[in-house]
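Quick note, the sequence shown lines up with residues -25 to -1, 1 to 361 if you use mature numbering (1 follows the signal peptide of the UniProt record, and there is no 0).
We put the beta carbon where it would ideally sit given N, CA and C, even for glycine.
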Amino acid sequence: MKLSKFMRPALMFSALAFFSAAASAQLKVGIDLSSTGPAAAIGITSKNAMLMWPKTIAGQQAEYIILDDGSDPGAAVRNIRKLITEDKVDVIVGPNITPAALAALDPVAEYQTPMITLIGSASVVEPQEGKKVWAFKMAQTDRAMADVMTRTMVNRNVKTVGFIGFADSYGDSWFNEFSKFAELRHIKVVASERFNRTDASVTGQILKLMSAKPDAVLIAGAGTPTVLPERTLIERGYKGAIYQTHGIATPEFIKLGGKDVEGTLFPTQPVVVARTLPSDHPSKKAALAFVDAYEAKYGKGSVTQFAGDAAGVYPRLEDAVGRALKAGQPGTVAFRVALRSELEHAHELVVPNGVVNTSATDHVGLDQRASVMGIIKNGQFTYLSQ
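Structure (structure tokens):
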């Protein structure tokens, strides 16, 4: 397997080095993240990982320009247009929320600039046609996560599930993917509710779910807003299993949820449970190297799946930029077009959250080696044996 140089701890540069790229940098990376707003817990850890990126990519001096969209899709589009038209970036990294990533397809396609997103939903890259050919994605798909989750449900004799998800494209994607695998594995969805990221109460929805008496409840959301429905279930006396999606894997979720989220089951990627992964997992070495470096800089227990996804962007670029340089220099359309093409040719590239094999029809490139189940145990995200 090919192991990126990024996985070598010696190449983990300080934040000072990150911002010291010269004004004449040949390669420009424009980054849009939700560092504030409801998705801040996701965006901040992604940004922290990016602050560890080396100051060169494939031997080219790199300049990283980071903008905050405040968890607002409209702001994300404005940021991306600015990065492309004013800052003349060669590639966009982000956004990290699904509505923003979908909205960003217009400017990246218009200006022929490849975009590597950090979202879970595959809707930004599937099907590979039209504007979507300019988009790539780091995180494992909701489809793959729903697959591993429903396998676990079957193993735990779950026959009926109540669903409550975000009232946006994230919730839509999860309901659609989960429903397909639930039907395949003879699990019945007995109730479905939605909530907004900014809601202060979900009591009505939870009471409706509980009245259906499901064996388990799936909460489909991301970040700290997902604590609210789980806490409400506990307060109302729900005794069944509670599942969440891979969007919860942040220290803030555990800190805010406390004892109410103990025992939560969730699909995730290798970084989140790196220290408890089986020794033969293909990404364990890369995941541990990143976790050790990240926690040395930001503190014990600070790593998240989103940080792991962001960390993986660097080896993806390192892998593709060297080949793209044969077609043109950074700052040109020829280079951006070539970079988009070369991002389709990753082969057995090990990143912290999996092993990447991309193609013209697959702009994610992750297989089941990037999908594991976790459980919150003693206030920690822990690998769950099947």
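- Separation of phenylalanine 153 and lysine 301 (C-alpha to C-alpha, rounded to the nearest whole angstrom) is 43 angstroms.
- The DSSP-derived three-state label of serine 277 is coil.
- As computed with DSSP, serine 167 is found in a beta bridge with Phe138.
- Beta-bridge partners assigned by DSSP to glutamate 38: Lys3.
- Sequence-distant Cβ neighbours of lysine 22 in its own chain, meaning closer than 7 angstroms and more than five residues away, are Leu8, Ser10 and Ile41.
- Valine 266 sits in a helix when the DSSP states are folded into three classes.
- According to DSSP, residue pairing for leucine 208 in a beta bridge does not occur.
- In the three-state scheme derived from DSSP, where H, G and I count as helix and E and B as strand, proline 242 is classed as strand.
- Taking the C-beta atoms as reference points, alanine 97 is found no nearer than 8 angstroms to glutamine 244.
- Taking the Cβ atoms as the reference, proline 13 lies roughly 20 angstroms from isoleucine 55, outside the contact range of under 8 angstroms.
- Exclusion of the five residues before and after valine 248 leaves Val347, Gly349, Phe356, Thr357 and Tyr358 as the residues of its chain whose Cβ lies within less than 7 angstroms of its Cβ.
- Excluding the 5 residues flanking it on each side, phenylalanine 281 has same chain C-beta neighbours closer than 6 angstroms at Ile17, Thr20 and Ser21, in chain order.
- Excluding residues up to 5 positions away in sequence, His161, Ile162, Lys163 and Asp190 lie with their Cβ nearer than 8 angstroms to the Cβ of lysine 134 in the same chain.
- For glutamine 219, the enclosing beta strand (DSSP E) begins and ends at 216 to 219.
- One Cα belongs to alanine 195, the other to arginine 169, and the distance between them is close to 9 angstroms.
- Residue Phe111 holds the alpha-carbon nearest to the alpha-carbon of glutamate 319 among Thr279, Ala197 and Phe111.
- For lysine 112, no alpha helix (DSSP H) encloses it; the enclosing beta strand (DSSP E) starts and ends at 110 to 112.
- Every alpha helix (DSSP H) of 4 residues or more that sits fully in the region 68 to 118 is shown, in chain order, as 73 to 78 and 80 to 85.
- Selection Gln103, Lys259 and Phe241 evaluated against isoleucine 223 yields Phe241 as nearest (Cα-Cα).
- For the pair glutamate 85 and lysine 106, the Cα-to-Cα distance works out to about 8 angstroms.
- Cα atoms of arginine 172 and glycine 303: separation of roughly 43 angstroms, rounded to the nearest angstrom.
- One thing to note: valine 192 has its Cβ no nearer than 8 angstroms to the Cβ of glycine 233.
- A contact between stretches requires three or more CB pairs, one per stretch, nearer than 8 angstroms, and the region 251 to 269 meets this requirement with the region 322 to 340.
- By the neighbour-count definition (other C-beta atoms within 10 Å, threshold 16), valine 308 is an exposed residue.
- Here DSSP, grouped into helix, strand and coil, assigns threonine 20 to helix.
- In the DSSP assignment, lysine 352 falls within the beta strand (DSSP E) that extends over 347 to 352.
- For valine 312, there is no enclosing beta strand (DSSP E); the residue is part of the alpha helix (DSSP H) that begins and ends at 308 to 317.
- Taking C-beta atoms under 8 angstroms as the contact rule, alanine 24 and alanine 285 qualify, at a distance of about 4 angstroms.
- For glutamine 87, same chain residues with a beta-carbon under 8 angstroms away, outside a window of 5 residues either side, are Trp109, Val308, Arg311, Val312 and Arg315 in chain order.
- Asp235 is the residue among Gly329, Pro200, Asp235 and Ile181 whose C-alpha sits nearest the C-alpha of arginine 206.
- Taken through DSSP and simplified to helix, strand or coil, alanine 195 comes out as strand.
- According to the DSSP secondary-structure assignment, glycine 287 is paired through a beta bridge with no residue.
- Histidine 338 and threonine 199 have their C-alpha atoms roughly 28 angstroms apart.
- Selection Asn151, Val330 and Ser144 evaluated against proline 290 yields Val330 as nearest (Cα-Cα).
- Counting along the chain, no beta strand (DSSP E) covers glutamine 343, and no H or E run does either.
- Ranked by how close their Cα comes to the Cα of threonine 336, the residues Glu293, Thr279, Ile32 and Val99 have Val99 in first place.
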